[in-house]
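Start counting the sequence shown at 511; every next residue gets the next number (this note's numbering).
Cβ atoms here follow ideal geometry from the backbone N, Cα and C, with glycine treated the same way.
In this text the structure is predicted, and so the values were computed from the model without any measurement.
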Amino acid sequence: MEFRLLGPVTVVQGGVPVALKSAKAVELLAVLLLAPGYRASHAGIMRFLWPDQEPNANRIRQYFHHLRESIPEVVRPNDRGFCQIHVSPGDIDYGRFLGFRQAANAFENPATRLKELRSALTEWHGTPLEDLPGREFEQKRTELIAEHRNAVADCVLAELESGEAHAALERADWALARWPEHEKLVRLKMRCLVDLGRHDQVEPLLADWERRSGRPAVHLLLHGGARPGSAPPGSSPAAAAPTRLRQLPMHQPALIGRQSQVEQVLSTLLGRTVGRNRIAVLTGMPGVGKTALAMWAASLIGHHFPDGILYVDLGGFSLGEPLRHGAVLARFLNDLGVRPSTPTMDGMVSAYLTALADRSVLLILDNARDDEHVRPLLPGPGTSAAIVTSRRQMHGLAIRQAVDSIDLAPLGDEEAAELLRDRLGDDRMGAALAFVDDVVKHCGGVPLALSIMAARIAERPRALATMVRELREARTRLPSLDLGSENLSVSLLLDGSCRQLSAPAARFLRHLAVLPGPSISWEALRSLEPEDITGASNAFDELVRMSLVIEQDSGRYALHDLIRVHAGESAHRLHGEEGVRVVERVLRFLLHQAWACDRRLAPDRGLPIGAAPDLRVVAPATASEAMVWFETEYPTLTSAVELAAKYGLHRYAWLLPMVLVTFQWRSGRHLDALKHLGQALEAARRVSGPADVAMVHRMLGGTHRSLTDLPRATGELRRAVRVSQDDGDVLGAALGRHILGVLLRESGAPGEALEHFTEALSAFEQLGDPLGRGAALNGIGCARYDLGQFDAGLDYCKRSLALLDGTDDVNGLAYLLFSVGRIRLAMGDLETASADLERARALYASLAYASREARTLVWLADTLRSADRIGEADRAIDRARTLLRESGEGDLDMAVEKMRCLP
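Spelled out as structure tokens, the structure:
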């Protein structure tokens, strides 16, 4: 006969359950099977079956009689005040369970112990004493469950010790599903995970246990699993570390470049950087080489730290959760052989700092999320040191811990090519030489990107052309820089950074991705969020701190090309109304700021741009300042022209080239002007009127003229005049005729030029336009000069001078003085001619109009030489040659002669 308590209470005989006559008989049997010697007093029976009632021997005898009727073989006669049954431990599942456990404890061999424990656990069939009511049975049930739980834990341990980690983990999971707050089981599962190499699952396990139990889990990570208060007083080393700690990851490739940064890190770690602790913080965009530099520096300086090197990847920007302080502290304390007296967080920090103060250890704290993620792990005063790497700038550590912050920029082109050569080897580099510039350019100096491309080229050298083609295209660039794992994928690394952004910063980054140019000013950035300047500023600061936006020395800001492409992929939805709105805001600012500068260069030009009182536009004080602004913003402005065309913003597509053209002429960018004005003409025809279309034709004519393509220049100007005449635009026709007159003079047709100048003068007089009259009179004077009519020419020029002198048309006045100087030189009035030419030169210099200044200097030198002022003449011609050289002229003698021969 068999009795079962470790599940529903049942009696089995010959494999068939024996029915007991009543529920109370079942309860009485359970009491007797659990009692010592299977004999229970009436008082004890009453506590289980009828608690809080007076003893009643008759009632007990009644149910004991029921037992005798059901299982007479084991029931003994009533003993005064007691009931007893006759069974052996082997007849009861609980007895067998205890026997197997006792046997297991007697064996030292893990495999033998495991066999006994597995046998013990087979005796369990459910909840012990199932459905038996009352607090006494509930208490006994709790005790039995605890025995079961402890036996399961012992079995998990035996499985681990027998090398059956998978079975141990499966059993631990089963147990924790039933007893999730049990500390010993959590510790055993953690050991299973470690033995199986599943270290990434330890942190989530402990976090879940902390959440369920409401207790800290850090002590579970310490060797010995000490509970708070269980260790002896004091936080002293339990034992010296058995070997010198060497936790640097596997051999790293040679570090290319970064020599100055390496020297700075070494100086800081050795305590030689004034005003800084022995902590170096390396920051920068994903893939820029922070970890590589840290490893390289550690390998160079490791011998200065006799107690070794500790390394941890904190996982601050990884796909999973970052490592918590407690886990890292516990691991480091274990590595150092230190056991804190109170393994709370404060106790561990105290023991950790004390241990580092007594040792000379180099810590490498890689991939930290932010200041607070790494602060408790930093060494205090002493000879220990630390290298921290993070994508986030750590200003708080610089202020409070006096760390030495080193921000890493991408490699330059030469260093990037050298890294490529190092990874490929000379033979493969030679085969890839034709594509190296493309690879370097589109990897943007990011070492990880370059290393990925080198690995792909080495694996499939015959597919090199295809790889480079994919790298050139923005839509396939990031997929081509992905080797399938988080640490070997530029895109996944950037994902990790972007996940940490606030919603406003993430939106601002998407907006930046669609903006024009390689860099942008803060004033232009403000235009993105005109209704919330403070919010925009905060979002932008967050992007800078996250190393996603580069703050340049010039006070401008830039997105690395790979970040722009990545952000652009998530911004594809901005091509709707929001995208157009973002682009238009920036284009509007750039247009108004460029126009403010263009009016300083060409104050007589009128454009239908209008006022923008809501924008913070800064008007330059001088033409030189305007030229500097254009030079700085030029890549952004040219990209803005393309962006306007891409988004179909035709107003900006024609007005931006128009505010650019003066600068382009004066800086020798005539081919750019020709391209942009061609786009402007198409856009103006779509959204503007004939007067504006004629203006674009005039600018095209002027550009062709500067490129010495006189036939095309003449054609554009004649079209401009015709469009204006057909529209009844007197001013437009006059402007066209004036420029056409200039072109005809330069073509050697002063007579025809004189006709156009005269018609233009009549129109300007009709319109009451003094600047136009001044320009036309100067044109007539020059045409008379070309015809050899010097007196008449000088008279017209003097009339022009009376109109232009003192106006804002500095360029027109400079050209007029140049014309007067040449006429007076022809008339032999050398002193006055040189004075006029010098004044013209000074005005051109103030305009930063280098080509016109050089031309004036050539004529001034000839005038001074004719006046026998040789030294001044030599200085003038030397200055002219310098300006021409700076403008990109190669053959200076030819360039000087060309300036001398221009009409």
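* Within 10 angstroms of the Cβ of G1246, are there 16 or more other Cβ atoms? Answer buried if so, exposed if not. => Here residue 1246 refers to the residue found at position 736 when the sequence shown is read from its first residue. With 16 or more Cβ atoms within 10 Å of its Cβ, G1246 is classed as buried.
* Look up A896 in the DSSP assignment and say whether it is helix, strand or coil. => On the sequence shown, residue 896 is found 386 positions in, with the first residue counted as 1. DSSP, read as helix, strand or coil, puts A896 in strand.
* **Among F513, K694 and R645, the one whose alpha carbon lies nearest that of N660** => For the purposes of this step, residue 660 is identified with residue 150 of the sequence shown, where counting begins at 1. Closest option to N660, Cα to Cα, is K694.
* In its own chain, which residues sit with a C-beta less than 8 Å from the C-beta of Q774, not counting the 5 before and 5 after it? -> Translated into positions along the sequence shown, residue 774 becomes position 264. Apart from sequence neighbours up to five positions away, the residues of its chain that approach Q774 with a beta-carbon distance below 8 Å are T783, A790, D914 and I916, ordered along the chain.
* Measure the C-alpha to C-alpha separation of I1249 and G1282 and round it to an integer number of angstroms. => The residue you call residue 1249 lines up with position 739 of the sequence shown. The residue you call residue 1282 lines up with position 772 of the sequence shown. For I1249 and G1282, the distance between alpha carbons rounds to 11 Å.
* Starting from the Cα of Y821, find the closest Cα among E831, G830 and L843 and give me that residue. => Start at 1 with the first residue of the sequence shown, and residue 821 comes out as number 311. Answer by Cα proximity: L843.
* Asked: Under a three-way DSSP split, which group does Y1157 fall into?
  -> The residue labelled residue 1157 in the question sits at position 647 within the sequence shown. Three-state result, Y1157: coil.
* Pick out whichever of T986, C953, V956 and V949 has its Cα sitting closest to the Cα of L497. => With the chain running from 511 to 1413 in the structure shown, residue 497 is simply not present.
* Drop a sphere of 10 angstroms on the beta-carbon of E1039, count the other beta-carbons inside from all chains shown, and report buried for 16 or more, exposed for fewer. => Walking along the sequence shown from the start, residue 1039 turns up at place 529. The residue is buried, with at least 16 neighbouring Cβ atoms inside 10 Å.
* Quick one, which of K650, L679, G826 and L1297 has its alpha-carbon nearest V898's? -> Numbered from its first residue, the sequence shown carries residue 898 at position 388. Nearest to V898 by alpha-carbon distance, out of K650, L679, G826 and L1297, is G826.
* Asked: For S532, does the three-state DSSP call read helix, strand or coil?
  -> Indexing the sequence shown from 1 puts residue 532 at position 22. DSSP places S532 in coil when its eight states are reduced to three.
* Report the residue ranges of all alpha helix (DSSP H) runs contained in full by the segment 936-1009; include only those spanning at least 4 residues, in chain order. => The qualifying runs are 936-941, 946-953, 957-969, 974-982, 984-990 and 1000-1009.
* Asked: In its own chain, which residues sit with a C-beta less than 6 Å from the C-beta of L538, not counting the 5 before and 5 after it?
  -> Here residue 538 refers to the residue found at position 28 of the sequence shown. Excluding residues within five positions, the ones whose Cβ falls inside 6 Å are Y573.
* Since A1360 and L1327 are thought to touch, with beta carbons under 8 Å apart, how far apart are those beta carbons, to the nearest angstrom? -> Within the sequence shown, the letter at position 850 stands for residue 1360. Within the sequence shown, the letter at position 817 stands for residue 1327. 17 Å between Cβ atoms; not a contact.
* Asked: So the beta strand (DSSP E) D876 belongs to, where does it begin and stop?
  -> The sequence position of residue 876 within the sequence shown is 366, counting from 1. Unbroken beta strand (DSSP E) run through D876: L872 to D876.
* Report all residues from its chain with a CB closer than 7 Å to the CB of E1363; omit the five preceding and five following residues, and keep chain order. => Residue mapping note: residue 1363 aligns to position 853 of the sequence shown, counting from 1. The answer, listed in chain order, is R1351, Y1354, A1355 and L1393.
* For R1410, which residues from the same chain have a beta carbon less than 6 Å from its beta carbon, with the 5 sequence-adjacent residues on both sides left out? -> Locating residue 1410 in the sequence shown gives position 900, where the first residue counts as 1. Take R1410, set aside five residues on each side of it, and the residues of its chain with a beta-carbon closer than 6 Å to its own are V1368, in chain order.
* To do: Provide the residue(s) that pair with F513 in DSSP beta bridges, ordered along the chain.
  => The count along the sequence shown starts at 1 and reaches residue 513 at position 3. DSSP, once it has assigned bridges, lists V521 and I602 as partnering F513.
* To do: Please work out which residues of its chain come closer than 6 Å, Cβ to Cβ, to A685, disregarding the five sequence neighbours upstream and downstream, and give them in chain order.
  => In the sequence shown, the residue the question calls residue 685 occupies position 175. Answer for A685: V662 and L695, listed in chain order.
* Asked: Where does T1317 fall in DSSP's three states?
  -> On the sequence shown, residue 1317 is found 807 positions in, with the first residue counted as 1. Coil, per DSSP.
* Measure the C-alpha to C-alpha separation of P743 and S851 and round it to an integer number of angstroms. => Within the sequence shown, residue 743 is the residue found at index 233, counting from 1. Within the sequence shown, residue 851 is the residue found at index 341, counting from 1. At P743 the pLDDT is 36, less than 50, meaning the model places this residue with poor confidence; the figure from the coordinates comes in the next sentence. When rounded, the distance between both Cα atoms is 5 Å.
* Three or more beta-carbon pairs under 8 Å between the segment 1123-1139 and the segment 1086-1106, yes or no? -> Contact between the segment 1123-1139 and the segment 1086-1106 is present, because at least three Cβ pairs lie under 8 Å.
* Asked: Quick one: what's got a C-beta closer than 7 Å to R1395's C-beta in the same chain, skipping five residues either side?
  -> Your numbering for residue 1395 matches position 885 in the sequence shown. Around R1395: L1402.
* Asked: So, helix, strand or coil for Y1359, using DSSP?
  -> Residue numbering aside, residue 1359 sits at position 849 when the sequence shown is read from its first letter. If DSSP states are grouped into helix, strand and coil, Y1359 belongs with coil.
* Please say whether S1376 and L1340 have beta carbons closer to each other than 7 Å? => Translated into positions along the sequence shown, residue 1340 becomes position 830. Translated into positions along the sequence shown, residue 1376 becomes position 866. For L1340 and S1376, yes; Cβs fall inside 7 Å.
* If you compare alpha carbons, which of L515, E653, E1256 and Y1067 is closest to D1146? -> Translated into positions along the sequence shown, residue 1146 becomes position 636. For the record, residue 1146 in the displayed sequence is Thr; it is not Asp. Minimum Cα-Cα distance from T1146 among the listed residues L515, E653, E1256 and Y1067 corresponds to Y1067.
* **6 Å CB neighbourhood of P1280 in its chain, flanking five on each side removed** => Sequence index remark: in the sequence shown, residue 1280 carries index 770 (1-based). Excluding its 5 nearest sequence neighbours in each direction, P1280 has C-beta neighbours in its own chain below 6 Å: L1313, listed in chain order.
* Residue range of the unbroken alpha helix (DSSP H) whose run includes A1259 -> The residue you call residue 1259 lines up with position 749 of the sequence shown. A1259 -> no alpha helix (DSSP H), and no H or E assigned at all.
* Asked: The beta strand (DSSP E) with V1128 in it runs from where to where?
  -> On the sequence shown, position 618 is the one that residue 1128 refers to. For V1128, no beta strand (DSSP E) segment is defined, and its DSSP state is neither H nor E.
* Going along the chain, which residues of its own chain have a beta-carbon closer than 6 Å to the beta-carbon of L839, five neighbours each way excluded? -> The count along the sequence shown starts at 1 and reaches residue 839 at position 329. Answer for L839: M858 and Y862, listed in chain order.
* Spell out the partners DSSP gives L755 in its beta bridges. => Here residue 755 is taken as the residue at index 245 of the sequence shown, counted from 1. Answer is G818, bridged to L755.
* Range covered by the beta strand (DSSP E) that runs through D917 -> Here residue 917 is taken as the residue at index 407 of the sequence shown, counted from 1. Unbroken beta strand (DSSP E) run through D917: D914 to D917.
* F592: first and last residue of the uninterrupted beta strand (DSSP E) it sits in -> As a position in the sequence shown, residue 592 is number 82, starting the count at 1. In the DSSP annotation of this structure, the continuous segment of the beta strand (DSSP E) that includes F592 starts and ends at F592 to Q594.
* To do: Specify, as a first and last residue, the run of the alpha helix (DSSP H) that L792 falls within.
  => Here residue 792 refers to the residue found at position 282 of the sequence shown. Per DSSP, L792 lies in no alpha helix (DSSP H); the unbroken beta strand (DSSP E) holding it starts and ends at I789 to T793.
* Asked: Among A865, L1019, A804 and A964, which one has its Cα closest to the Cα of A896?
  -> As a position in the sequence shown, residue 896 is number 386, starting the count at 1. When only C-alpha atoms are compared, the closest one is A804.
* Boundaries (first-last residue) of the beta strand (DSSP E) holding A550 -> For the purposes of this step, residue 550 is taken as residue 40 along the sequence shown, with counting starting at 1. Run containing A550: R549 to S551, per the beta strand (DSSP E) assignment.
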